[in-house]
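Okay, so the sequence shown: first residue is 12 according to the numbering used here, each after it adds one.
Virtual Cβ for every residue (Gly too), placed ideally from N, Cα, C.
Please read all numbers here as calculations on a predicted model, not as lab measurements.
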Amino acid sequence: MHDFFRGKTAWMATMHHKEKWIGPVLEKGLGLTIKPIPGFDSDALGTFAGDVERPGNQWETALLKLDGARELMPDSDLFIGSEGAFFPHPEMPFVTRNLELLILKDFREKVTVRARHIENGFPLWESEIRQWADILPKLENRNFDEEGLILKVKSGDKWLVYKDFDRVEDVRKAYEEFKKTGLPVALLGPDLRAHRNLRRRQNLVLAAEDLVRNANRFCPGCGSPGFSSDHFQQGLPCGWCGLPTRLPKAEIFKCLRCQWEQEQALPEKEADPAFCDFCNP
Ligand SMILES: [Zn+2]
Ligand SMILES: [Zn+2]
12 MHDFFRGKTA WMATMHHKEK WIGPVLEKGL GLTIKPIPGF DSDALGTFAG
62 DVERPGNQWE TALLKLDGAR ELMPDSDLFI GSEGAFFPHP EMPFVTRNLE
112 LLILKDFREK VTVRARHIEN GFPLWESEIR QWADILPKLE NRNFDEEGLI
162 LKVKSGDKWL VYKDFDRVED VRKAYEEFKK TGLPVALLGP DLRAHRNLRR
212 RQNLVLAAED LVRNANRFCP GCGSPGFSSD HFQQGLPCGW CGLPTRLPKA
262 EIFKCLRCQW EQEQALPEKE ADPAFCDFCN P
């Protein structure tokens with residue numbers, strides 16, 4: 012292990028205390044301390060509840076948060092940001108993917124370490140709520156710390172969002188608020204914010220472990236830490252006809268300091284014909 016980050020403090024743009032889960036991994040792996048930036052409002056940059064639009068793609072959003080963080084603390088150089096998203100698996104639309112990104116950036120040394128963790132099969136669900144009885148099955152044996160709930164109602168073109176429930180009583184109050192709106196249906200689903208979702212916390216820890224690995228991989232061009240996966244290159248040849256499919260054939264590693272790129276072939280040599288647009292249109 013090298014000493015680039017040892018003994019330093021990275022400030023985290025988070026208002027949901029993600030440092031609690033990421034911090035111990037980076038402390039142990041890099042000797043780096045993570046502290047939350049006081050008063051940072053990450054909800055202004057997009058939330059899962061659908062009440063704020065999310066700008067740009069995920070890496071861009073995570074980098075934006077870092078820039079925003081640095082504006083709050085211009086005398087500090089080291090910042091860490093995280094960005095999570097949930098969307099359908101690109102090849103299996105019924106499978107929900109949770110993608111967790113972490114970016115550690117030293118603004119003075121211009122060193123950026125990126126990391127990610129992907130979970131396919133994240134349990135995502137949504138129930139239509141018209142009466143209290145529709146909610147009851149979801150309250151049985153619920154541990155609000157392991158999987159919190161969010162109730163939302165569409166009113167015109169905006170969402171009314173009820174969250175931060177600690178007990179059944181809180182859900183009941185939110186339900187009564189929803190009924191007062193006179194709107195016919197609300198949606199109930201899991202709260203995906205880290206402090207309200209154990210599964211997501213576990214994925215954040217795995218992303219932090221990836222960050223430690225990537226911080227220990229050095230750029231062949233400029234020697235700085237953080238040489239890591241940037242994207243996948245599509246075109247794995249079909250096992251029957253040999254034409255390129257949409258499946259990845261290589262992973263591209265990139266240094267954000269000097270832009271050095273390296274292609275690394277993936278272990279799969281040919282694609283299942285089920286993914287071939289020619290053999291299986
Ligand atoms: Zn480099
Ligand atoms: Zn084919």
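Once DSSP output is grouped into helix, strand and coil, what is the label at residue i?
i: P284; result: helix
i: E30; result: helix
i: Q270; result: coil
i: P35; result: helix
i: E71; result: helix
i: E137; result: coil
i: A219; result: helix
i: N227; result: coil
i: G61; result: In this predicted model, G61 has a pLDDT of only 48, less than 50, meaning its place in the structure is not dependable; the value taken from the coordinates is given anyway. The answer is coil: DSSP assigns G61 none of H, G, I, E or B.
I believe residue i touches residue j by the beta-carbon criterion, under 8 Å. Please report the beta-carbon distance rounded to the nearest angstrom.
i: K46; j: W22; result: 6 Å
i: G95; j: N109; result: 7 Å
i: Q270; j: F264; result: Actually they are not in contact, since the Cβ atoms of Q270 and F264 sit about 12 Å apart, beyond 8 Å.
Measuring only the C-alpha atoms, how far is residue i from residue j?
i: V36; j: E137; result: 33 Å
i: V172; j: G200; result: 11 Å
i: E157; j: D175; result: 13 Å
i: A285; j: N291; result: 6 Å
i: H206; j: K280; result: 41 Å
i: H13; j: L147; result: 53 Å
i: C266; j: R211; result: 28 Å
i: E369; j: E139; result: Nothing can be reported for residue 369, as the shown portion of the chain is limited to 12 through 292.
i: C233; j: S239; result: 14 Å
i: R153; j: G253; result: 50 Å
i: D86; j: R119; result: 11 Å
i: E262; j: A276; result: 6 Å
i: P104; j: P134; result: 14 Å
i: I114; j: H100; result: 23 Å
i: G250; j: D241; result: 27 Å
Could you tell me which residues DSSP pairs with residue i in its beta bridges?
i: N6; result: Because the chain in this structure spans residues 12 to 292, residue 6 falls outside the shown range and cannot be described.
i: C249; result: A282
i: K265; result: S239 and E272
i: P49; result: Answer is none; P49 lacks a bridge partner.
i: L24; result: One detail in the question is off: residue 24 reads as Ala in this sequence, not Leu. A24 is not bridged to any residue.
i: P255; result: P248
Every unbroken beta strand (DSSP E) within the region 139 to 206, with a cutoff of 3 residues, ordered by chain: Runs of the beta strand (DSSP E) inside the region 139 to 206: 160 to 166, 169 to 173 and 197 to 201.
Alpha helix (DSSP H) runs contained entirely in the region 76 to 134, provided each spans 4 or more residues: The alpha helix (DSSP H) runs lying completely inside the region 76 to 134 and spanning 4 residues or more number zero.
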